[in-house]
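One structure is given below, encoded as structure tokens.
There are 2 protein chains.
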Amino acid sequence: MLVNRQILLKSRPEGAPNANHFELVQRDLPTIIGGQMLRRTLWLSVDPYMRARMSTAKSYLPPANVGEPMPGGTVSQVVASNDPSFAAGDIVLGYDGWQEYAVGDGKGLRKIDPSKAPLSWHLGILGMPGLTAYVGLLDIGQPKAGETVVISSAAGAVGSIAGQIAKLHGCRVIGIAGTVDKCAYVMGDLGFDDCINYREEDLDSALKKACPKGIDVYFDNVGGAVLDAVLKRINTHARIPLVGLIAEYNDEKPRPGPNLNPILTNRATMRGMIIIDHWDRYPPFLRDMAQWIAADQIHYREDVVEGLENAPRAFLGLFEGDNFGKRVVKVGDPK
Amino acid sequence: MLVNRQILLKSRPEGAPNANHFELVQRDLPTIIGGQMLRRTLWLSVDPYMRARMSTAKSYLPPANVGEPMPGGTVSQVVASNDPSFAAGDIVLGYDGWQEYAVGDGKGLRKIDPSKAPLSWHLGILGMPGLTAYVGLLDIGQPKAGETVVISSAAGAVGSIAGQIAKLHGCRVIGIAGTVDKCAYVMGDLGFDDCINYREEDLDSALKKACPKGIDVYFDNVGGAVLDAVLKRINTHARIPLVGLIAEYNDEKPRPGPNLNPILTNRATMRGMIIIDHWDRYPPFLRDMAQWIAADQIHYREDVVEGLENAPRAFLGLFEGDNFGKRVVKVGDPK
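Just so you know, the sequences run in chain order H and S.
Residue 335, in this note's numbering, is where the first sequence stops; the numbers in between run on with no holes.
Residue 1335, in this note's numbering, is where the second sequence stops; the numbers in between run on with no holes.
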């Protein structure tokens, strides 16, 4: 019988995970039954999102089970198969987790042609991280030629690809990374226009210098202080694909201020809205509102303050919530 | 000569404004020249956004000038006019600010029919606040029948209208307001399904109780702790029109955590993105990426860790940034 080495999730971390949250075990492999196959793991992917699966906090994937192998994307080779769609020797992209062998059906597997690219690339540039960069930058970020795009974790799996795609679309691209070597790589090999070392440079002034025209797209992998600094320099109608919050994943409790993790995990859209962009909606608004008021479907209450001299008091009270309905100041009567 | 009473911005506040930041003065009116007209103010609007105009911080409108009347929306009557488009007696919606009279041209003025609605309504339900509610809820929030919509400042000028529009679109609507009376009004007169008094109730548990199916749209007028509490209960693909941040306007310095004021003032879009929603983009992604790689337009770097037993270390290092490129674990070679 084959012995399978597995790395189990041993316990759930509070705050940063460490080696004690994992356990290496040896277990006998079950035999394959029905339409199952036996697969041998060749490559496995480690990605920051896996931190969420170690926890029971609500997220977009169920938590990993304590006592079972850590889940994760894998490239494997079929050893034996009862499934006619797969033959021994086939290379497949799957989600077998942190173990040397896996027994299972063919659900969710994708066959890989080993002649086309290095096998491990299907866990990176040709796989989930590459697709994340592509969709996050192009579909969510919608960069236009000439715009300024900032990418955090610029030397990482996703950021390095997102930034290069932005360059291919004619953008000025600024990376943010954590070492001198990474910044050299980002500017040299990857062709970004500039790269800020967030561990050694003052982020506010470095961003100001690197982005003289402000920031149109911020592809965010990290959240936290870097997001805060970038937001200070965004342009009108900027787009911010929130793709990761690695700086916050290990927080023992949510950081103060509106915590943005639910925006990421729920794939929510937060959009700032100021009425000056929307005057074209006045005619349909007036038409609808007149109908709703006439039909007694919408009610309105005013909070009238009399006299120009009371305008400051009327205004200041808004911040105490002492108005009840729309506050207006009556200055005079028509003649 | 007519004497004009004006309320000037006397100085700029740090933190909360108070009466000393304003000054009531009497000034002689200039005579009208060229195509100008003289207007007498009947109503003026006070709105939270005016706090931003008292400051020099970057925003979507230029700062008000110290020593000049506070700017703001007005309903006025034309007293005398050299502009053939306007006659004495006409009622106009404009932006004359906090003063009893104004001299100026007709730019940006809109004539109002006084027989259609109370004049002051053009500063509220039929004006900027009403349009803000309409566009923010319908265009940005995109509520669908049966969804749960939460509205902060629910008794206020904008929130009260946004919530009623949501009810008209078949949503379950929960208001958040600051007094028992306001909540009674929001549920009684305005027909919201529920209302939370954020000053007396525990927001987390009250939201959980009022929104058993989670929150699909949060129309936010306030930011801060209320936004934080609501985010904890948003549903997948929630929409958050960020329309005001009144809880934060008087902060002396930006609160910690990514500060969202730039999202509002720049009308930016922040969108959480997880790749599980986007598998349909795999084919065009693979086609594009294969081309870019073949043309040497995109470069890729891997950080290979050997051996299943090293997977935990490989993973844990991601949070230290000790990987350089996409980290993968090599478990075995194909046969």
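No residue lacks a Cβ here, since even glycine has one placed at the ideal position from N, Cα and C.
Counting only C-beta atoms, is residue 1248 of chain S closer than 7 Å to chain H at any point?
no
Going by beta-carbon coordinates alone, are residue 1007 of chain S and residue 1050 of chain S separated by less than 7 Å?
no
Nearest chain H C-beta to residue 1056 of chain S closer than 7 Å, yes or no?
no
For the stretch 1119-1147 of chain S, which residues have a beta carbon sitting closer than 8 Å to at least one beta carbon of chain H?
1119, 1120, 1121, 1123, 1124, 1125, 1126, 1128, 1129, 1130, 1131, 1132, 1134, 1135, 1136, 1139 and 1140
How about residue 273 of chain H and residue 1222 of chain S: are their beta carbons less than 7 Å apart?
no
Between residue 122 of chain H and residue 325 of chain H, what straight-line distance do the alpha-carbon atoms span, to the nearest angstrom?
58 Å
Return the residue from the list H:208, H:129, H:87 and H:118 that minimises the CA-CA distance to residue 109 of chain H.
Selected option, being the one with the closest Cα: H:87.
Residue 288 of chain H versus residue 186 of chain H: straight-line alpha-carbon distance, rounded:
53 Å
So if I threshold CB-CB distances at 7 Å, which residues from the stretch 1275-1287 of chain S count as touching chain H?
Residues passing the 7 Å Cβ filter: 1275, 1276, 1277, 1278, 1281, 1282, 1285 and 1286.
In three-state DSSP terms, what is residue 125 of chain H?
coil
Out of H:75, H:20 and H:268, point me to the one whose CA is closest to residue 94 of chain H's CA.
H:75
With a threshold of 7 Å between beta carbons, is residue 334 of chain H in contact with chain S?
It does: the Cβ of residue 334 of chain H has a partner Cβ on chain S nearer than 7 Å.
Can you tell me whether residue 1296 of chain S is buried or exposed, with buried defined as 16 or more other CB within 10 angstroms of its CB?
Under this definition residue 1296 of chain S is an exposed residue.
Compare the C-beta of residue 73 of chain H with all C-beta atoms of chain S and state if any pair is closer than 7 Å.
no
For the stretch 1255-1268 of chain S and the stretch 304-314 of chain H, state whether three or more C-beta atom pairs, one from each stretch, are separated by less than 8 Å.
no
Alpha carbon to alpha carbon, what distance is there between residue 146 of chain H and residue 238 of chain H?
14 Å
For residue 1330 of chain S, which beta-bridge partners are listed by DSSP?
H:43 and S:1306
For residue 1309 of chain S, which residues in chain H fall below 9 Å Cβ to Cβ?
5, 7 and 24
Span separating the alpha-carbon of residue 1085 of chain S from that of residue 1037 of chain S
10 Å
So what does DSSP say about residue 1095 of chain S, is it helix, strand or coil?
coil
Could you have a look at residue 87 of chain H and say whether DSSP puts it in helix, strand or coil?
coil
The stretch 1086-1108 of chain S: which residues have C-beta closer than 8 Å to a C-beta of chain H, in chain order?
Under the 8 Å Cβ criterion, the stretch 1086-1108 of chain S contributes 1089, 1091, 1098, 1099 and 1100.
Could you tell me the alpha carbon to alpha carbon distance between residue 1335 of chain S and residue 40 of chain H, rounded to whole angstroms?
10 Å
Quick one, which of H:44, H:195 and H:168 has its alpha-carbon nearest residue 180 of chain H's?
H:195
Spatial neighbours of residue 183 of chain H within its chain, please: C-beta separation below 6 Å, excluding the five flanking residues on both sides.
177, 195 and 197
Sufficient close CB pairs (3 or more, under 8 Å) joining the stretch 1130-1147 of chain S to the stretch 274-287 of chain H:
yes
Should residue 1266 of chain S be flagged as near chain A, meaning a C-beta pair shorter than 7 Å?
The structure shown contains no chain A; its protein chains are H and S.
Between which two residues does the alpha helix (DSSP H) carrying residue 1113 of chain S extend?
No alpha helix (DSSP H) contains residue 1113 of chain S, which DSSP labels as neither H nor E.
List the residues of chain H that residue 1045 of chain S touches, going by C-beta distances under 7 Å, in chain order.
328, listed in chain order.
Neighbour-count burial assignment, residue 1004 of chain S, 16 or more Cβ in a 10 Å radius
buried
Tell me which residues share the same chain as residue 135 of chain H and place their Cβ nearer than 8 Å to its Cβ, disregarding the 5 neighbours each side in the sequence.
Excluding sequence neighbours, residue 135 of chain H sits near nothing in its chain.
Kindly indicate which three-state DSSP category residue 1018 of chain S falls into: helix, strand or coil?
coil
Count the CB pairs spanning the stretch 246-256 of chain H and the stretch 1198-1218 of chain S that are closer than 8 Å, and state whether there are at least three.
no
Per DSSP, what are the beta-bridge partners of residue 74 of chain H in this structure?
H:44 and H:94
Can you tell me whether residue 1032 of chain S is helix, strand or coil according to DSSP?
Three-state result, residue 1032 of chain S: coil.
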